[in-house]
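In our numbering, the protein residues as written are 11 to 584.
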């Protein structure tokens, strides 16, 4: 209550009602080590309803992840370690960036997929943990939750446990205004194990027992429906929608503290209590990691492949097998990327690829690879079904889990459907590669619904995203090499052609080989040019043809290719 009051902004109601649950997870259930927040086999915790961030920050403070009371006091302030919503890479112990409701839930599905995949590849001794996600009514109303829950149920992700905070409240008021889903029936139909925990939000032992029952289910993801009361134990605002996003005033905070039997002073945290909490978490964490260290040492896991997976790159010399194409040959860049991925498979062990029901159309069909299924979790071909948004958010979860380098694809026009996940991937600096094909006017016969026009500008406007539209097949391969290098942890969107386009030749080929990875280069210098033509992707060869025609008419132009505007912008001025 104190941090939102101090900030004059924030969401304390959900955090208050879920404090016992968070306490049980962090102090009794989860295997986590505050001294090493990134050890591979830790349990993952995701707060999908990220507006309740003060709940997670309170637990990270108590558990000893590096937050102190001054950080809690700086809640929602500029440059603080406790921003308004959890941000991965900014606050130790935060696994994903959450805020847009439902995406954290879908990220958790991706994390559970990554865990099970690595377990299938390297064995139980190397990887075996759970993914816990807390979600609210808003998360389950958002359409992405339907896509992601369906995918998780089909994949039978036994390592995934979702606790649904069934508090009956949204910003507008009681959920009966907008929401009458039978959540139990819905998730049961998806193939989930579902248990209604009932009115146990303040019963620590009942919460722990319910969570452990869910953890024991190995062939289905689990949903635990927890009936909580937002704002509890406030005598003024329990079960009131005002408790959601409006900070309690000082008098309301004081009356609540009186009910709790604690002093009415801001940020009350007895030193001996905090020290005991941290000591307990440190001891449990050290034991959990030591047990895993021993388990991993005897697991027989291939260390070279394991390290390459976690470094998100290839084995030494991995790029030597990448294909090259003859000058003047014609090949679609979607075909070039597929050949590049297939050439990389044996030596880039973390690479997994899939599509939203367009695997064979978008260059992400992996030769000789089996599908990732419950029976074959080690499979590297992921079939996401017609679920673009869930695919993108699951990829973010996979990448941020670590050990997996996900590639996912669809037609470029459907970037509209996956865009929110691409944005959070870029914001999170998740090493995801989104492949978008059928990018130009050459798909016009499909009609305006399948004709991408504004999409390139829309993606280029997105901060932190490398939008890469290669000029030919060789450039596609060259840029793929950059994307899969150990130095590259960026989010990338590859914009590729369906139609065959010429492989650059002569001066253009030399320029591409020398400078394409800079993001922009002069593809044809011209003789005392009077104008410069800029082009990307499938328009580069059209621009070159136009330059030849103009030159025949006595007009010299320079042609510049800009395969990646962001890469070019990052170059030194000279």
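Positions of the beta carbon are idealized from the N, C-alpha and C atoms, including for glycine.
Here the structure is a predicted model, which is why all the values come from computation and not from measurement.
For the options 305, 395, 344, the alpha carbon positioned closest to that of residue 164 is the one of 395. In the structure shown, residue 146 adopts extended strand secondary structure according to DSSP, grouped into three states.
In the structure shown, the three-state DSSP call for residue 476 is strand. About 44 Å separates the beta carbon of residue 193 from that of residue 350, a gap too long to meet the 8 Å contact definition. Contact check between the region 179-193 and the region 253-260: three or more CB pairs, one atom from each, fall below 8 Å, which counts as touching. Assignment of residue 418 by DSSP, reduced to helix, strand and coil, places it in the strand class.
Closest in alpha carbon position to residue 321, among 360, 95, 103, is 360.
With a cut-off of 8 Å on Cβ pairs, the region 532-549 is in contact with the region 500-511, counting three or more such pairs. Non-local beta-carbon contacts of residue 79 in its own chain, meaning distances under 8 Å to residues more than five positions away in sequence, involve 71, 277, 279 in chain order. Bounds of the beta strand (DSSP E) holding residue 391 are 391-393. Nearest Cα to residue 524 within the set 379, 558, 485, 551: 485.
Boundaries around residue 283 are those of the alpha helix (DSSP H), 281-307, since no beta strand (DSSP E) includes it. In the structure shown, residue 66 adopts helical secondary structure according to DSSP, grouped into three states.
Taken through DSSP and simplified to helix, strand or coil, residue 72 comes out as helix.
Taking the CA atoms as reference points, residue 569 sits about 24 Å from residue 468.
Annotated three-state conformation of residue 527 is helix, per DSSP. Residue 268 and residue 118 have their C-alpha atoms roughly 38 Å apart. For residue 458, the three-state secondary structure derived from DSSP is helix. One thing to note: residue 399 has its Cβ no nearer than 7 Å to the Cβ of residue 432. Residue pairing from DSSP places residue 205 in a beta bridge opposite 234. Residue ranges of uninterrupted beta strand (DSSP E) with 3 or more members are absent from the region 66-128; none lies entirely inside it. Per DSSP, the continuous beta strand (DSSP E) segment holding residue 444 begins and ends at 443-447. When rounded, the separation of the alpha-carbon atoms in residue 503 and residue 363 is 14 Å. Judged by beta-carbon spacing, residue 309 lies within the 7 Å limit of residue 135, meaning their Cβ atoms are closer than that value. Pairing residue 130 with residue 387, the inter-Cα distance amounts to about 5 Å. Per DSSP, the unbroken beta strand (DSSP E) holding residue 364 starts and ends at 361-365. In the three-state DSSP reduction, residue 383 falls in the coil class, being neither helix nor strand.
For residue 188, the closest of 147, 215, 327 by C-alpha to C-alpha distance is 147. Contact between the region 377-392 and the region 329-339 is absent: fewer than three C-beta pairs spanning the two stretches fall below 8 Å. CA-CA distance, residue 28 to residue 190, rounds to 23 Å. Ranked by Cα distance from residue 65, the first of 213, 22, 408 is 22. If the five residues before and after residue 581 are omitted, its C-beta is found closer than 6 Å to the C-beta atoms of 528, all from its own chain and listed in chain order.
Between the region 450-458 and the region 400-412, the count of C-beta pairs closer than 8 Å stays below three; the two stretches do not touch. Collapsing the DSSP output to three states places residue 344 in a helix. Scanning 241, 564, 328 for the CA closest to the CA of residue 11 turns up 241. Residue 579 and residue 573 have their C-alpha atoms roughly 12 Å apart.
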